[in-house]
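Colleague: Take this structure, written in structure tokens, and hold onto it; I'll ask about it next.
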Amino acid sequence: MNPHHFGPPMQHTAFFRQRPTAAACLALVLAAAAPLAPRAVSAQPAAEAPRALKIAPGPLGAALNRFAAALGVELSVDAALLDGLRCNGLDGRYGAEDGFAALLAGHALQAVRQPNGSWTVQRRPQAAADSLPAITARAAGESATGPLAGYAARRSATATKTDTPMLETPQTLTVVGAEEIEVRKSDSLAEAVGYTASVLRSEGVDRTGDGFVMRGFQATASQGNLYRDGSKYSVNLYDGRQEPYGLERIEILKGAASVLYGNSAPGGIINTVSKRPTNEALHELNLELGSFDRRQLSGDFGGALDDAGVWSYRLTALVRDSGSFVEHVDDDRRYFAPSLRWQPDAATSLTLQADLQDDHTAYVYGLPAEGTVLANPNGRLPRDTFVGEPGYDRYDLDRRSLGYLFEHRFDEHFTLRHSLRSYRADVDMPSVWISGLEADGRTTAYRGAQDREDRSRALMSDTSLQSTWRSGSVEHTALVGLDFVRERLRTVRYDRSAEPLDLYDPVYGGGFGAPEPASFSSRSELRRVGLYAQERAKIDGRWVAVAGLRHDRVRYDESAVFSDDVAADGEKSSATTGRAGLVYLGPDGLAPFVSFSQSFEPQTGTDRQRQRFDPTRGTQWELGLRWQPEGGQTLLSAALYQLTQRKVLVTDPVDTNYSVQLGEVRSRGLELEARTRVGAANLVAAYAYTDARTLKSSPLTPEAEGRRTGAVPYHQASVWADYGFGAFGLPALKAGAGLRYVGSAPGVWLDVDVPGYTVVDAMLSWSEGPWRLALNVANLGDKTYVASCTYLCFYGEPRRVTGSVSYRW
Numbered sequence: 001m002n003p004h005h006f007g008p009p010m011q012h013t014a015f016f017r018q019r020p021t022a023a024a025c026l027a028l029v030l031a032a033a034a035p036l037a038p039r040a041v042s043a044q045p046a047a048e049a050p051r052a053l054k055i056a057p058g059p060l061g062a063a064l065n066r067f068a069a070a071l072g073v074e075l076s077v078d079a080a081l082l083d084g085l086r087c088n089g090l091d092g093r094y095g096a097e098d099g100f101a102a103l104l105a106g107h108a109l110q111a112v113r114q115p116n117g118s119w120t121v122q123r124r125p126q127a128a129a130d131s132l133p134a135i136t137a138r139a140a141g142e143s144a145t146g147p148l149a150g151y152a153a154r155r156s157a158t159a160t161k162t163d164t165p166m167l168e169t170p171q172t173l174t175v176v177g178a179e180e181i182e183v184r185k186s187d188s189l190a191e192a193v194g195y196t197a198s199v200l201r202s203e204g205v206d207r208t209g210d211g212f213v214m215r216g217f218q219a220t221a222s223q224g225n226l227y228r229d230g231s232k233y234s235v236n237l238y239d240g241r242q243e244p245y246g247l248e249r250i251e252i253l254k255g256a257a258s259v260l261y262g263n264s265a266p267g268g269i270i271n272t273v274s275k276r277p278t279n280e281a282l283h284e285l286n287l288e289l290g291s292f293d294r295r296q297l298s299g300d301f302g303g304a305l306d307d308a309g310v311w312s313y314r315l316t317a318l319v320r321d322s323g324s325f326v327e328h329v330d331d332d333r334r335y336f337a338p339s340l341r342w343q344p345d346a347a348t349s350l351t352l353q354a355d356l357q358d359d360h361t362a363y364v365y366g367l368p369a370e371g372t373v374l375a376n377p378n379g380r381l382p383r384d385t386f387v388g389e390p391g392y393d394r395y396d397l398d399r400r401s402l403g404y405l406f407e408h409r410f411d412e413h414f415t416l417r418h419s420l421r422s423y424r425a426d427v428d429m430p431s432v433w434i435s436g437l438e439a440d441g442r443t444t445a446y447r448g449a450q451d452r453e454d455r456s457r458a459l460m461s462d463t464s465l466q467s468t469w470r471s472g473s474v475e476h477t478a479l480v481g482l483d484f485v486r487e488r489l490r491t492v493r494y495d496r497s498a499e500p501l502d503l504y505d506p507v508y509g510g511g512f513g514a515p516e517p518a519s520f521s522s523r524s525e526l527r528r529v530g531l532y533a534q535e536r537a538k539i540d541g542r543w544v545a546v547a548g549l550r551h552d553r554v555r556y557d558e559s560a561v562f563s564d565d566v567a568a569d570g571e572k573s574s575a576t577t578g579r580a581g582l583v584y585l586g587p588d589g590l591a592p593f594v595s596f597s598q599s600f601e602p603q604t605g606t607d608r609q610r611q612r613f614d615p616t617r618g619t620q621w622e623l624g625l626r627w628q629p630e631g632g633q634t635l636l637s638a639a640l641y642q643l644t645q646r647k648v649l650v651t652d653p654v655d656t657n658y659s660v661q662l663g664e665v666r667s668r669g670l671e672l673e674a675r676t677r678v679g680a681a682n683l684v685a686a687y688a689y690t691d692a693r694t695l696k697s698s699p700l701t702p703e704a705e706g707r708r709t710g711a712v713p714y715h716q717a718s719v720w721a722d723y724g725f726g727a728f729g730l731p732a733l734k735a736g737a738g739l740r741y742v743g744s745a746p747g748v749w750l751d752v753d754v755p756g757y758t759v760v761d762a763m764l765s766w767s768e769g770p771w772r773l774a775l776n777v778a779n780l781g782d783k784t785y786v787a788s789c790t791y792l793c794f795y796g797e798p799r800r801v802t803g804s805v806s807y808r809w
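At position 370 of the sequence shown the residue is numbered 370 (full-length UniProt numbering), and the sequence of numbers has no breaks.
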């Protein structure tokens, strides 16, 4: 890249030093899209004789700049004309006229030579433009799966499975990029999305899986709410947490989302986007030391493997040895994620992906309400209390995933995409659990142990065909697809008793009773096939209408491990779901929208009349507003929604051994989010009001009707800001701080109120050349708080200090 044409403004100096790859992307944005007025590019007069050139496919603005610089001609262009356009590049001998023509082929643009010898890019006359084929637009410098320049995404594919501007998406979507993950040193998905409205951890600090509450509803892997690169990721609740260092983006689509993804709980989905091969050379090493004897080494490498850029690679790896704030619980991890891309031309790409992860930790079991959220005559229970047995409690994860992403553009109208992933997770999780306290308020009323093994296997496939065309003043993007999921889970559990434990003065080593096979050990298999279709129409450049329809067929089998009992034999269900939305693209980046969407979750078992249960159904109505001005790095959004789940299982009033589908739960809320970069300052702010409660329950429990949903606070707010001190003569220095507030909420199964809490985070970094030194502190004030109460109560993490050294070259 020629620094004469792409020199960054001073306010971006610190950011460039921190993220070379993101810096390159930001430079392309500045070169191709940032100015609102025409600018002169490459003002060197020279001969325009043909010469051998090779310019890779990519953003049109950057390619034009490189071509003009290579020929030594002056080029003027209004960046607004190039926004969202890409080209196929050049490979051969070109002069000015034929080179510009080749780069602008397929677009309603032309290069015109001026009397003084310079060139100007202009719109073609309307008659000529109408004869051109339609093209697919993408934001210059940013793709739906690539790095973000700053904290505000302009494009995403999660909501539509096509590369779509955020402003044209009629459903609330939040994107957290790799830069934001790095700045806050997020250790988990829960930490990375901690500054997002309406998204909360479901259980304190759980190192055995990613679990959330989204818009008032549980969202876990076993419910179908977690995705990687658009395909379902994880089968079991205990399949482990995703490693955020291996992610380019975390995208949170809020509300019912079955129309493109199949069965899921109605609160929304989280789709993580893997770091992918790049032609830009990338080399990074990080060393971290911190609280609880934390030692971590990580690296991220990528680049082209040949001069033509046909082959490229990415390798991300991490090794961590660490303790945790709970005694006798480690937090060790080994992570290795290689990927290889073959891209013989601008129309075809095949990316092979793998990730291997081994975790060694233990399940952090909760503590009684007495001594956490309720008074206890013995005082408050310490946060580091371990209820298990040292040497017995452990969580060992061996997870492997292998797959590929394929894309081929047949012509300017049709694009085929296909993805396949094979997934395996083996978990050994012996653990001790407790229930209640004796009258002395310190000794466990019951303490049991469970030897547990989970074996998950899955195969996921998704194939779609996208078609784009123009009809008069309407730009169409149609999508049809077929996806398939096969999940198998084998769970073997042995129960045994354990000696009681004094939680205030624990003495371990009391021994266990003889193991007995647990009655709920099982083998299960779920197979789902879904057919979906979607149409997105952009009308007169002002209105965007989105409509989608999907039909799923699901088969579920379950049998016992230790007997011939069959819990579910070929249970079949089906569901049809839809979505419709409308966006108005107003002036200055203002975009109000309205939408309707649906979801479904299969239910296993039968009622007392041996009739199989229907899937639960989720329905969301949403009214929203976004503001994202052109050329800036700001995205403001607001949304009002009502989300209802029907056909929820409740106790049968005739026979309590069975269930009936009379339940109904509703969540209503308001969300506000702001993401912006102003000069050297980044800001992320969010607020959520959520009113989630049961509308209908079993006649046996009329008191449940009107009751608030557990672990869902009325209010949640957060703000994060970081600032580079270049204006003060310290371009290497950056400081940041954030505040997270979660209001009080009822318990899930415990009849308690969990107090609200406020936690402060902070960071300080110094970047000089290829080096970056950083200090991050989570829970700066070391506040003691209870994050949630389900069957027991879970403390939030105390102060955690992490120092890191990074070297990039």
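For glycine and all other residues, C-beta sits at the position ideal for the given N, C-alpha and C.
So what does D398 bridge to, in DSSP terms?
Modeller: DSSP, once it has assigned bridges, lists D358, D426 as partnering D398.
Colleague: Is the Cβ-Cβ distance between L200 and V213 less than 8 Å?
Modeller: Taking 8 Å as the Cβ cut-off, L200 and V213 qualify as a contacting pair.
Colleague: For a test of the three-state rule: what should DSSP assign to P500, helix, strand or coil?
Modeller: Note: P500 maps to coil in three-state DSSP.
Colleague: Which term fits F728, buried or exposed, when burial requires 16 or more other beta carbons within 10 angstroms of its beta carbon?
Modeller: F728 should be labelled exposed.
Colleague: Can you say whether Y363 is buried or exposed, counting buried as having 16 or more other CB atoms within 10 angstroms of its CB?
Modeller: The residue in question, Y363, is buried, as its Cβ has 16 or more Cβ neighbours within 10 Å.
Colleague: By the DSSP assignment, the alpha helix (DSSP H) with S456 in it spans what residues?
Modeller: Where S456 is concerned, there is no enclosing alpha helix (DSSP H), although the beta strand (DSSP E) it sits in stretches over 444-471.
Colleague: In terms of alpha-carbon separation, which member of F336, G747, F386 lies closest to T444?
Modeller: Looking at the Cα atoms, F386 is the closest of the given residues.
Colleague: Flag this pair as yes or no: are the beta carbons of G618 and P165 separated by less than 8 Å?
Modeller: Not a contact, by the Cβ cut-off of 8 Å.
Colleague: How long is the line joining the alpha carbons of A737 and Q633, rounded to whole angstroms?
Modeller: Straight-line Cα distance between these residues: approximately 20 Å.
Colleague: Would you kindly work out how many angstroms separate the C-alpha atoms of E407 and G530, rounded to a whole number?
Modeller: Roughly 20 Å between the two C-alpha positions.
Colleague: Can you check DSSP and say which residues form a bridge with E251?
Modeller: Bridge partners of E251: V175, N271.
Colleague: G216 by DSSP, collapsed to three states: which one?
Modeller: Here G216 sits in coil by DSSP.
Colleague: Count the other CB atoms, across all protein chains shown, that sit within 10 Å of the CB of P629; report buried if there are 16 or more and exposed otherwise.
Modeller: So P629 counts as exposed.
Colleague: By the DSSP assignment, the alpha helix (DSSP H) with S258 in it spans what residues?
Modeller: Unbroken alpha helix (DSSP H) run through S258: 258-261.
Colleague: Considering only DSSP beta bridges, list what S339 is partnered with.
Modeller: Answer is R314, Q353.
Colleague: Should the stretch 237-257 be called in touch with the stretch 268-288, which here means at least 3 C-beta pairs below 8 Å?
Modeller: Output reads yes: the stretch 268-288 touches the stretch 237-257.
Colleague: Based on DSSP bridge pairs, tell me the residues matched to I181.
Modeller: I181 is not bridged to any residue.
Colleague: Whole beta strand (DSSP E) runs in the stretch 501-575 with 3 or more residues, listed along the chain?
Modeller: Entirely contained in the stretch 501-575, the beta strand (DSSP E) runs reaching 3 residues are, in chain order, 522-539, 543-560.
Colleague: My understanding is that V684 touches Y151, with C-beta atoms under 8 Å, so please give their C-beta distance in whole angstroms.
Modeller: That pair is a contact at about 6 Å.
Colleague: Just to confirm the assignment, what range does the beta strand (DSSP E) spanning F593 have?
Modeller: Run containing F593: 590-601, per the beta strand (DSSP E) assignment.
Colleague: Locate the beta strand (DSSP E) running through L672, then write down its first and last residues.
Modeller: Start and end: 659-678.
Colleague: Taking the beta strand (DSSP E) that L649 belongs to, which residues open and close that run?
Modeller: Element bounds for L649: 634-651.
Colleague: Going by other Cβ atoms of all chains shown within 10 Å of its Cβ, with 16 needed for buried, is T656 buried or exposed?
Modeller: Per the 10 Å Cβ criterion, exposed.
Colleague: Would you call the CB atoms of D359 and D332 closer than 8 Å?
Modeller: Cβ distance < 8 Å, so D359 and D332 count as in contact.
Colleague: Between the beta-carbon of S718 and the beta-carbon of L700, is there less than 8 Å?
Modeller: Cβ atoms of S718 and L700: not closer than 8 Å.
Colleague: Please list, in chain order, all residues of the same chain as N682 whose beta carbon is under 6 Å from its beta carbon, the five residues on each side excluded.
Modeller: Counting only Cβ-Cβ distances below 6 Å, and skipping sequence neighbours, we find Y151, D722.
Colleague: Buried or exposed: A37, going by 16 or more other Cβ atoms within 10 Å of its Cβ?
Modeller: Summary for A37: the model assigns pLDDT 34, below 50, so the residue's position carries little reliability, and this model does not support an answer.
Colleague: Between which two residues does the beta strand (DSSP E) holding E622 run?
Modeller: Where E622 is concerned, the enclosing beta strand (DSSP E) stretches over 616-627.
Colleague: Nearest CA to the CA of G793: which residue from H715, E370, N378, E248?
Modeller: It is Cys, not Gly, that sits at residue 793 in the sequence shown. Of the candidates H715, E370, N378, E248, the one whose C-alpha sits nearest the C-alpha of C793 is E370.
Colleague: A192 lies in the alpha helix (DSSP H); which residues open and close that run?
Modeller: Residues 189-192.
Colleague: Taking 8 Å as the cut-off, does the stretch 518-534 touch the stretch 502-509 (at least 3 CB pairs, one atom from each stretch)?
Modeller: Judged by Cβ distances under 8 Å, the stretch 502-509 makes no contact with the stretch 518-534, as fewer than three pairs qualify.
Colleague: Alpha carbon to alpha carbon, how far is R334 from G756? Give it in angstroms, no decimals.
Modeller: Approximately 35 Å, taken between the alpha carbons.
Colleague: Counting along the chain, where does the beta strand (DSSP E) carrying N65 start and finish?
Modeller: Careful: N65 lies outside any beta strand (DSSP E), inside the alpha helix (DSSP H) at 60-71.
Colleague: Pull up the distance between the alpha-carbon of N378 and that of G388, whole angstroms please.
Modeller: In a straight line, the C-alpha of N378 is about 20 Å away from that of G388.
Colleague: Please check the pair T802 and E182, which I expect to be a contact at CB under 8 Å, by giving their CB distance rounded to whole angstroms.
Modeller: The Cβ separation is near 12 Å, so there is no contact.
Colleague: Give the DSSP bridge partners of H476, in chain order.
Modeller: Per DSSP, W469, A537.
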